[in-house]
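full-length UniProt numbering applies: residue 1 is where the sequence shown begins, and numbers increase by one. In this text, a Cβ means the ideal position worked out from N, Cα and C, and glycines have one as well. None of the values given here were measured: they were computed from a predicted structure. Beneath this line is the structure, given in structure tokens, with notes to follow.
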Amino acid sequence: PTPEDKSKRSEELQKEIEGLSNKLSETRSKKASLTNQITYMDTQIRITQLEIQRSAARIEEMKVEIEKLTGKIITLEGSLDNISEVFIDRVVATYKTGHIPALLLMASSEGTSDLISRTTYLKRIQAHDKKLMYEVQATKTDFEDQKILLEEKKTELDQLKLKLETQTIVLDEQKKDKEYLLEITKSDEQNYQKLLAAAQAELEAIQAIVAGKGTETEVGHVNEGQRVASVIQGPSCNSSGAHLHFIVRKNDGAVQNPFSFLNGIDFENCSGSSCGSSDGDSFNPSGDWRWPLDAKIRYSQGYGSTWAVHHIPWLPYDFHNGIDINSTSSNTAYAVKNGTLYRGSYTGMAGCALRYVRVDHEDSDYDTLYLHVNY
Numbered sequence: 001p002t003p004e005d006k007s008k009r010s011e012e013l014q015k016e017i018e019g020l021s022n023k024l025s026e027t028r029s030k031k032a033s034l035t036n037q038i039t040y041m042d043t044q045i046r047i048t049q050l051e052i053q054r055s056a057a058r059i060e061e062m063k064v065e066i067e068k069l070t071g072k073i074i075t076l077e078g079s080l081d082n083i084s085e086v087f088i089d090r091v092v093a094t095y096k097t098g099h100i101p102a103l104l105l106m107a108s109s110e111g112t113s114d115l116i117s118r119t120t121y122l123k124r125i126q127a128h129d130k131k132l133m134y135e136v137q138a139t140k141t142d143f144e145d146q147k148i149l150l151e152e153k154k155t156e157l158d159q160l161k162l163k164l165e166t167q168t169i170v171l172d173e174q175k176k177d178k179e180y181l182l183e184i185t186k187s188d189e190q191n192y193q194k195l196l197a198a199a200q201a202e203l204e205a206i207q208a209i210v211a212g213k214g215t216e217t218e219v220g221h222v223n224e225g226q227r228v229a230s231v232i233q234g235p236s237c238n239s240s241g242a243h244l245h246f247i248v249r250k251n252d253g254a255v256q257n258p259f260s261f262l263n264g265i266d267f268e269n270c271s272g273s274s275c276g277s278s279d280g281d282s283f284n285p286s287g288d289w290r291w292p293l294d295a296k297i298r299y300s301q302g303y304g305s306t307w308a309v310h311h312i313p314w315l316p317y318d319f320h321n322g323i324d325i326n327s328t329s330s331n332t333a334y335a336v337k338n339g340t341l342y343r344g345s346y347t348g349m350a351g352c353a354l355r356y357v358r359v360d361h362e363d364s365d366y367d368t369l370y371l372h373v374n375y
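The structure is reproduced here in structure tokens:
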């Protein structure tokens, strides 16, 4: 294909991507169903495939451009050498001519006419030399510009290759997400609706608890490291897996990143596609609080925009307001700081009561919430 054909194909791919992106927005706005979710995922996969094709085509175009530029630079370099050599010869000749005394020039001339001819010839030589000097400078400038452009093209090519690698990884993840959805739901709409309903009910309960809408009873003062609850080892209200949902909250209701307060601890990262996978959420504690659970920590979801948010389609939130953890050695949950202990629960739209405890820290305006626990 000619460069024009490749450019046209790239434009066609872009138009197809834009059309599918519009379809993606339409599908997102429709009622949540397994069919619509699969359509959404298929569209995502197709868009990524087209983006891969477009990146691959652009890489080939870039290689051709680099090859042409390299050839042009080689030609310019040869021209610059030739012109420079001629210019140097002319400078030497002009220098010698320019140092002929005027009286000698007049004496060697065979009359006025010959003198005028020689003078005119010298002026033409000087004009030619100026033109030659300009050509040397112009060729040198063009040569340097083309070298800079070549480096820019090489950098762009490297970036395109990295982009293609990323797109290929994304495509693989999207296909795995679809396979996981079909596997977990067994391609059954009712199973999908159950997962969706449970996730929505859990979100509603967690948001209500954070907003202070739970029913609480004050227990009394607790010291750092004292037992406050036990993590439920098995399914609990709107949750199918054993974990502690741990939240750090300011008294004004704003949630905080727990890693800004907790200290380092031995852990296993299971927050990505599998335990120990490279796509898990970051685990970067930088504070001095003790942990609410004993080591070794099994880390299943991080704070904020997590792997689960991006890859589990029935989750109704795009921001995780705490961390999900469990201990491989004990189910006991501890106070991370001294404070006042409260036991609470919230019964939401699913009808079950989500139990939690809260510790109001005595030395700051923070409190900590422990969800999916028994007292």
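- Under a 10 Å Cβ-count criterion, N191 is classified as exposed, with fewer than 16 other Cβ atoms of the shown protein chains found around its own Cβ.
- Listed in chain order, the beta strand (DSSP E) elements of length 3 or more contained wholly in the region 147–208 amount to none.
- When the Cα atoms are used, G225 and A198 turn out to be separated by approximately 33 Å.
- In the three-state scheme derived from DSSP, where H, G and I count as helix and E and B as strand, Y40 is classed as helix.
- Counting only the Cα atoms, L13 lies some 51 Å from A295.
- In this chain, V309 is not harboured by any beta strand (DSSP E); it is covered by the alpha helix (DSSP H) spanning W307 to H311.
- With 16 or more other Cβ atoms from the protein chains shown falling within 10 Å of its own Cβ, G344 counts as buried.
- Judged by beta-carbon spacing, Y370 lies within the 7 Å limit of Y356, meaning their Cβ atoms are closer than that value.
- Taking a contact as a CB-CB distance under 8 Å, the pair N269 and G280 counts as one, their CB atoms being some 4 Å apart.
- When DSSP states are grouped into helix, strand and coil, N374 belongs to the strand group.
- The three-state reading of DSSP puts D294 in coil, since its state is none of H, G, I, E or B.
- In the structure shown, N22 falls within a helical segment according to DSSP collapsed to helix, strand and coil.
- The beta carbon of K153 lies closer than 7 Å to those of M62, E65, I66 and L69 in the same chain, with the five residues before and after it left out.
- As the crow flies, the alpha-carbon of T306 is around 57 Å from that of L80.
- Segment contact: the region 172–182 against the region 319–329, fewer than three CB-CB distances shorter than 8 Å; contact not assigned.
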